[in-house]
Amino acid sequence: MLVVMVSLALWPGRAWADKPERLPIPTEDLSIPAGACPFPVFFHVVTNNEHTITWSDAEGNPIRTIIQGQVVLEITNTATGTSVTRNVSGPGTITYADMLFVGRGSQLFFFFPDELGPGTPGSMFINRGRVVEFLGTPRKIISQTGQQEDLCATLSVSGSG
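Counting in this note's numbering, the sequence shown runs from 432 upward without gaps.
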């Protein structure tokens, strides 16, 4: 879900005040360099039927976006070939006035060094529960509940899971 969530904060789509607009989220495979983890990572989209529903004001400015639908990713440490498949379907909601993302269920997050503020390390994890993230600059995880899977640690182990 994170793979598309960041772009949604910048691309709200076009919607009208009188009716929300539903749009599919085109998600493609993604490679990221080392930084979030100590090794490069490849995300292969196994399943994606995710979509957004966006409500806007009378001027067409987005107010709120719901992100829902199924997303399953195969996540691979490209240095070793170790991979795992995870359902990261969410759902989640973005409120644009306060630039907050509130996710429930399984959400994938990755951050490069300093992305959460100066001196912060890279990280990649799945949060299974509730998470609140500030989407401004710098991004910030405000709260997390539930279980977190450290994908850097998971993908550092030899073999597939």
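Just so you know, even glycine gets a beta-carbon here, dropped at the ideal spot from N, CA and C.
Residue 556 has 540, 581 as its beta-bridge partners, per DSSP.
By the neighbour-count criterion, in which 16 or more other beta carbons inside 10 Å mark a residue as buried, residue 514 falls on the buried side. In this structure, residue 461 lies away from residue 483, with their beta-carbon atoms at least 8 Å apart.
Ranked by Cα distance from residue 504, the options 540, 588, 549, 464 are led by 540. Here the alpha carbons of residue 450 and residue 508 stand approximately 43 Å from one another. In this structure residue 512 is exposed. Its beta-carbon is surrounded by fewer than 16 other beta-carbon atoms within 10 angstroms. The shortest C-alpha to C-alpha distance from residue 530 to any of 523, 566, 486, 571 is the one to 566. For residue 479, the uninterrupted beta strand (DSSP E) segment begins and ends at 472-479.
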